[in-house]
Amino acid sequence: MIYKILIIKCELYWLIVNRERGLICQRGFIALGALLMLSLGAIVFSLVTLASASAYSDTVYRRELRIQVGMNVHACLESVTLMVSRDYFLNGTTTVPEFGCDVVVSNDFNGNVSIGIQSLLERVKGGGDRILNISDNGVRVISENVW
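Just so you know, we're using our numbering here: the sequence shown kicks off at 451 and counts up by one.
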């Protein structure tokens, strides 16, 4: 009971002092609002920073994947060229699992061979094609296109 009387006396004293100064008793509402705005601002800032760091990391990772897919396509073209030079009757589709590529070989058995390649690495695609001429002198690359 004495505690309640003290609280009421403190509140009355607060109201009297603030009226004399021209202030209205807010009971911490402005401080609470300022604290909420500051904390929300800090949360938004950290979320924006996290999103931009994630986007940058994804960009760097995708660039590395594109470089790796390009290297896989070149290696696969060279491997299939070697396979065609060793096996003259190679024709149709095959895969080279070491480089993650699917290969289509079109052989007309007159010395002209067309090689088409598709490589896929974590949703990053690459490909290429190569036209070869096989003769007694060896294998000669007529054209090559890598994308």
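Here a beta-carbon is modelled for each residue, glycine too, at the ideal position from N, C-alpha and C.
Annotation for Asp508: the continuous alpha helix (DSSP H) segment containing it runs Phe479 to Arg536.
Setting aside the 5 residues that flank it on each side, Asn541 is surrounded in the same chain by Val555 and Asn557, each with a C-beta closer than 6 Å to its C-beta; the list follows chain order. Around the beta carbon of Phe549, 16 or more other beta carbons lie within 10 angstroms, which makes this residue buried. Our two residues, Leu571 and Arg513, have alpha carbons roughly 12 Å apart in a direct line. A Cβ-Cβ contact shorter than 7 Å links Ser569 with Val519. Scanning its chain for C-beta atoms nearer than 6 Å, with the 5 sequence neighbours on each side dropped, one finds around Val530 the residues Val553 and Ile565, in chain order.
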